[in-house]
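Visitor: Residue 110 in this note's numbering sits at position 110 of the sequence shown, with consecutive numbering throughout.
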Amino acid sequence: MTQPGLFISFEGIDGAGKSTHMAALAQAFEAQGRVVTRTREPGGTALAEQLRELVLQAAMDPMTEALLVFAARRDHLQQLIEPALARGEVVLCDRFTDATFAYQGMGRGFDLKTLHYLEQLVQTVKGLDGDLIRQPELTIWFALDPRVAAQRLAGARLPDKFESQPVDFFSRVSDGYLQRLLAHPQRFARIAAEQSRETVWQAVLNVVRQRGWLA
Ligand code: TYD
Numbered sequence: 001m002t003q004p005g006l007f008i009s010f011e012g013i014d015g016a017g018k019s020t021h022m023a024a025l026a027q028a029f030e031a032q033g034r035v036v037t038r039t040r041e042p043g044g045t046a047l048a049e050q051l052r053e054l055v056l057q058a059a060m061d062p063m064t065e066a067l068l069v070f071a072a073r074r075d076h077l078q079q080l081i082e083p084a085l086a087r088g089e090v091v092l093c094d095r096f097t098d099a100t101f102a103y104q105g106m107g108r109g110f111d112l113k114t115l116h117y118l119e120q121l122v123q124t125v126k127g128l129d130g131d132l133i134r135q136p137e138l139t140i141w142f143a144l145d146p147r148v149a150a151q152r153l154a155g156a157r158l159p160d161k162f163e164s165q166p167v168d169f170f171s172r173v174s175d176g177y178l179q180r181l182l183a184h185p186q187r188f189a190r191i192a193a194e195q196s197r198e199t200v201w202q203a204v205l206n207v208v209r210q211r212g213w214l215a
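#1: Tell me whether P42, by its Cβ, gets closer than 7 Å to a heavy atom of ligand 3.
#2: Which word fits H184, buried or exposed, when buried means at least 16 other C-beta atoms lie within 10 angstroms of its C-beta?
#3: Would you please state the rounded distance, in angstroms, between the beta carbons of V35 and E89? I believe it to be under 8 Å.
#4: Looking only at its own chain, which residues have a Cβ that is under 7 Å from the Cβ of D145, when we skip the five neighbours before and after it?
#5: From which residue to which residue does the alpha helix (DSSP H) around T114 run?
#6: Less than 8 Å between the CB atoms is what I'm expecting for T39 and V122, so what's the real figure, rounded?
#7: Leaving out the 5 sequence neighbours to the left and right, which residues in its chain are closer than 7 Å to P62 when beta-carbon positions are compared?
#8: Output needed for A149: all residues of its chain with C-beta closer than 8 Å, excluding positions within five of it in sequence on either side, in chain order.
#9: Beta carbon of T64: closer than 7 Å to some heavy atom of ligand 1?
#10: How many Å lie between L225 and A58 at the Cα?
#11: For the structure I just gave you, are there three or more beta carbon pairs, one from the segment 72-87 and one from the segment 38-57, closer than 8 Å?
#12: Identify the continuous beta strand (DSSP E) that holds W141 and give its terminal residues.
#13: Suppose you measure from the CA of N50 to the CA of E65; what does that come to, to the nearest Å?
#14: Measuring straight from C-alpha to C-alpha, what distance separates L47 and E82?
#15: Contact defined as beta carbons within less than 8 Å: I believe F188 pairs with W141. What is the distance between those atoms, to the nearest angstrom?
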């Protein structure tokens, strides 16, 4: 029998450093014999990557942005995430719906009730015992002071639409993540990302080991 799939998402404001740790965690799972699918949002499929380009580069109103992000998510879930989980793989996803609540909801000020509705609509998938609302089993939130993140990002590369936002945008985004943590305390693990890279990595490992997913 194949083992159950495992879905983990990585969140944080731009500059929080989640990508490095996601790659390292993929290696740790592979070293223990698991098949890992690494993916990202918006994106992960050909269609969703096209939508990502639009969302990150083109100016648009917050509703359009939210709808495009959820359209990309629907395709990503159906084409990539659900099949990988059904095969018993570990799916590591760079951002998921918490980012929509944080960026479109708190950052842009788009209506949170509508986001909740879209979340239910888009993430309802067929499970073994009927429909379920797909969520990550674990969300690792790399929490970082927006002013520190801004310093880290400064001059790093050409910023996209979100990376060029002012610090107070990212303060609201951080509040958005905190609200999601308070609403989903079991699923969330908050890691202080201003610590050294090695300390952050040990915290990531601990969180996953505590849940019994890595030896
Ligand atoms: P990011 O994950 O930081 O990728 P990279 O490391 O290549 O910069 O970029 C994705 C951007 O998309 C980030 O600024 C947050 C934004 N975003 C949203 O606004 N809403 C969403 O629902 C998601 C998933 C991402």
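All C-beta atoms, glycine included, are put in the ideal place defined by N, C-alpha and C. None of these values were measured; they are calculated from a predicted model.
Guide: In brief:
#1: With respect to small molecules bound, the structure shown includes ligand 1 and not ligand 3.
#2: Exposed is the call here.
#3: A Cβ-Cβ distance of about 5 Å is found for the pair V35 and E89, placing them in contact under the 8 Å criterion.
#4: Sequence-distant partners of D145 (beyond 5 residues in either direction) whose C-beta falls short of 7 Å from its own C-beta, in its chain, are E194.
#5: Per DSSP, T114 belongs to the alpha helix (DSSP H) from 112-123.
#6: Distance from T39 to V122 at the Cβ level is roughly 16 Å; contact not present, criterion being Cβ atoms closer than 8 Å.
#7: Within the same chain, Q104, R108, G109, F110 come within 7 Å of P62 by CB-CB distance, once the 5 residues on both sides are set aside.
#8: When the five nearest sequence neighbours on each side are left out, the beta carbons in the same chain lying within less than 8 Å of the beta carbon of A149 are those of I13, D14, G15, A16, F170, in order along the chain.
#9: No, Cβ of T64 sits at least 7 Å from all heavy atoms of ligand 1.
#10: Look at the range of the chain in this structure, 1 to 215, and you will see that residue 225 is not part of it.
#11: When Cβ pairs closer than 8 Å are counted between the two stretches, the segment 72-87 is seen to touch the segment 38-57, the count reaching three or more.
#12: For W141, the enclosing beta strand (DSSP E) starts and ends at 138-143.
#13: This sequence places Gln at residue 50; Asn is not what is there. Straight-line measurement puts the Cα of E65 at about 13 Å from the Cα of Q50.
#14: Cα to Cα, L47 sits roughly 16 Å from E82.
#15: At roughly 6 Å, the Cβ-Cβ gap stays under 8 Å, so F188 and W141 are in contact.
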